[in-house]
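Undergrad:
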Amino acid sequence: MPSFGEFAQFTVAGLIAGSAYALVGVAFGIILSVTGRFHFAFMFTYAISAYAASQVGESYGFPFWLALIFGALVGTVFGVAAEALVYRPLAERSGVYALLVIFVASLGLTIVGRNLMSLIWIDSASKQIQGFSNVGYHVAGLDLTKLGLIQVVVAWTLVILLGVLLSYTALGRVVRAVRINPEMSLVVGINPKIVYLQVFAIGSFLGGVAAVLNATQTAAKPDMGFNPLFYAFVVAFLAGLGSHPVRVGLVGLAIGLVESWSSLFMSTRWTSLVVFGILFVYVALRPVNWPDIRRRFRPVAA
């Protein structure tokens with residue numbers, strides 16, 4: 052049996068990892084729930100954000116926080132471009148097959164983007180984020196790091212801010228209207244296409260921030276977005292499409308804690324299996340409302 056000290060240390064690790072899962076879950080979830088696009092290329096926008104932050108820090112000496120914002124904005128541009136230049140034209144031409152066609156196109160974007168990053172930064176398999184000095188703290192018998200604390204604070208600040216934006220602003224009301232019924236929003240003068248671009252911008256920016264913080268801890272790599280996409284999908288699905296960002300964040304936090312606690316009893320190589328098992332049990336036990344799913348993911352009329 053693990054000691055109390057070990058349990059407490061793994062709890063801290065779970066809180067940090069869970070905060071990261073919360074941020075990517077909220078980022079991916081708002082895109083999926085509002086637009087109905089299974090944005091598999093989230094992997095690409097995630098990775099390119101980290102590479103962009105690393106490049107401007109290395110080449111131009113950008114301070115860490117400015118590089119982080121720049122990287123997130125680069126990911127935002129690519130996310131919005133994917134919707135405007137790829138997903139929307141395909142959705143308009145594909146009709147009832149739009150969901151499958153967009154998924155395949157998104158997968159293609161991911162493969163092309165990953166290979167392009169490998170070619171552009173061919174001199175190095177990974178890129179370090181410059182300008183951040185990580186330090187460790189020992190508090191009440193627990194080992195903490197400056198980066199870990201920043202990840203928790205930044206993640207929850209952004210999750211709460213998004214929750215406030217969606218709950219108490221005009222933009223939030225418009226987003227909720229499009230999420231509930233895109234066709235009816237057209238009747239009252241709301242253009243879902245513009246809202247889709249705004250949602251892709253928000254989700255891509257949040258994902259970009261998460262990517263830069265992740266790369267600061269490890270390094271920027273072309274395939275670094277795979278695991279975050281997996282956890283983002285699990286978190287968004289378990290929380291429920293259209294759930295409040297704080298609820299989605301809390302589910303992400305719970306996933307991080309369960310994953311960390313499970314490593315007390317098994318090899319860390321198997322902890323992802325625990326997360327997948329949770330998703331499997333949830334899908335097996337929860338009744339699926341297929342009419343609601345078809346309505347949510349149908350293409351929007353022009």
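In this text, residue positions in the sequence shown follow the working numbering: the first is 52, and each later residue adds one.
Heads up, the beta-carbon is just placed ideally off N, CA and C, and yes, glycines get one too.
(1) For S330 versus V285, is the C-beta spacing smaller than 8 angstroms?
(2) Find the nearest neighbour of L167 within the set A98, H295 and S313, judged by alpha-carbon distance.
(3) Skipping 5 residues on each side, what residues in its chain have a beta carbon closer than 6 angstroms to that of G259?
(4) What's the gap between the Cα of A287 and the Cα of A149?
(5) What separation, rounded to the nearest whole angstrom, lies between the Cα atoms of P296 and A305?
(6) Within the same chain, show all residues whose beta-carbon is closer than 6 angstroms to that of A118, passing over the 5 residues directly before and after it, in chain order.
(7) My parser needs the alpha helix (DSSP H) runs of 4 or more residues fully inside the stretch 128-214; what are they?
(8) Going by C-alpha distance, which of L315, S313, V309 and G303 is nearest G76?
(9) L280: which of E57, G80, E310 and T62 sits nearest, CA to CA?
(10) CA-CA distance, L141 and Y102?
(11) Can you tell me the Cβ-Cβ gap for L195 and V63, rounded? I've got them flagged as a contact below 8 angstroms.
(12) May I ask you to report which of helix, strand or coil DSSP gives A287?
(13) Are the beta-carbon atoms belonging to L237 and R227 less than 8 angstroms from one another?
(14) Grab me the residues of E57's own chain with a C-beta within less than 8 angstroms of its C-beta, minus the 5 sequence neighbours each way, in chain order.
(15) Rounding to the nearest angstrom, what Cα-Cα distance links H90 and W312 in this structure?
(16) Please state whether DSSP places A1 in a helix, a strand or coil.
(17) Ignore the nearest five residues each way along the sequence and tell me which others in Q181's own chain have a CB closer than 6 angstroms to its CB.
(18) Going straight from the alpha carbon of L83 to that of G291, what length do you get?
(19) Count the other CB atoms within 10 Å of the CB of G300; is the residue buried (16 or more) or exposed (fewer)?
(20) Alpha carbon to alpha carbon, how far is T220 from A71?
(21) If I follow the unbroken alpha helix (DSSP H) through N265, where does it start and stop?
(22) Run the CB neighbour count on N234, radius 10 Å, all protein chains shown included, and call it buried at 16 or more, exposed below.
TA: For this structure:
(1) The residue you call residue 330 lines up with position 279 of the sequence shown. The residue you call residue 285 lines up with position 234 of the sequence shown. Correcting the residue type first, residue 330 is Leu in the shown sequence and not Ser. It is a contact, given that the beta carbons lie within the stated cut-off.
(2) Taking the sequence shown and counting its residues from 1, the one referred to as residue 167 is at position 116. The shortest Cα separation from L167 among A98, H295 and S313 belongs to A98.
(3) Here residue 259 is taken as the residue at index 208 of the sequence shown, counted from 1. Cβ neighbours of G259 beyond the five flanking positions: S100, G122, A123 and G126.
(4) Against the sequence shown, residue 287 aligns to sequence position 236. Against the sequence shown, residue 149 aligns to sequence position 98. Put simply, the backbone Cα of A287 is about 21 angstroms away from that of A149.
(5) Locating residue 296 in the sequence shown gives position 245, where the first residue counts as 1. Locating residue 305 in the sequence shown gives position 254, where the first residue counts as 1. As the crow flies, the alpha-carbon of P296 is around 14 angstroms from that of A305.
(6) Position 67 of the sequence shown, counting from 1, holds the residue named residue 118. Same-chain partners within the cutoff: A104, V107 and G108.
(7) Runs of the alpha helix (DSSP H) lying entirely within the stretch 128-214, each at least 4 residues long, are 139-145 and 149-171 in chain order.
(8) Start at 1 with the first residue of the sequence shown, and residue 76 comes out as number 25. Nearest C-alpha to G76: G303.
(9) Position 229 of the sequence shown, counted from the start, is the residue given in the question as residue 280. Comparing alpha carbon positions, the residue from E57, G80, E310 and T62 closest to L280 is G80.
(10) Taking the first residue of the sequence shown as 1, we reach residue 141 at position 90. Taking the first residue of the sequence shown as 1, we reach residue 102 at position 51. For the pair L141 and Y102, the Cα-to-Cα distance works out to about 28 angstroms.
(11) Residue numbering aside, residue 195 sits at position 144 when the sequence shown is read from its first letter. Residue numbering aside, residue 63 sits at position 12 when the sequence shown is read from its first letter. 7 angstroms between Cβ atoms; contact.
(12) As a working note, residue 287 is residue 236 in the sequence shown. Reduced to three states, the DSSP call for A287 is helix.
(13) Along the sequence shown, read from residue 1 onward, the residue named residue 237 stands at position 186. Along the sequence shown, read from residue 1 onward, the residue named residue 227 stands at position 176. Contact check for L237 against R227 fails: the beta carbons are separated by 8 angstroms or more.
(14) Here residue 57 refers to the residue found at position 6 of the sequence shown. Closer than 8 angstroms at the Cβ level, and outside the excluded window around E57, lie L315.
(15) As a first step, residue 90 is located in the sequence shown; it is residue number 39 there, counting from the start. As a first step, residue 312 is located in the sequence shown; it is residue number 261 there, counting from the start. Linking H90 to W312 through their CA atoms gives a straight-line distance of about 30 angstroms.
(16) A query on residue 1 cannot be resolved here, the shown segment of the chain reaching from 52 to 353 and no further.
(17) Within the sequence shown, the letter at position 130 stands for residue 181. Take Q181, set aside five residues on each side of it, and the residues of its chain with a beta-carbon closer than 6 angstroms to its own are G108 and E109, in chain order.
(18) As a position in the sequence shown, residue 83 is number 32, starting the count at 1. As a position in the sequence shown, residue 291 is number 240, starting the count at 1. Cα to Cα, L83 sits roughly 11 angstroms from G291.
(19) Counting from one through the sequence shown, the residue named residue 300 turns up at place 249. It is buried - the Cβ of G300 has at least 16 other Cβ atoms within 10 Å.
(20) Mapped onto the sequence shown, residue 220 falls at position 169. Mapped onto the sequence shown, residue 71 falls at position 20. The straight-line gap from Cα to Cα measures roughly 26 angstroms.
(21) As a position in the sequence shown, residue 265 is number 214, starting the count at 1. It spans P243 to Q268 - the alpha helix (DSSP H) in which N265 sits, taken as one unbroken run.
(22) As a working mapping, residue 234 is identified with position 183 in the sequence shown. Reading off the sequence, residue 234 comes out as Glu, not Asn. Burial check for E234: the Cβ neighbour count within 10 Å stays below 16, so the residue is exposed.
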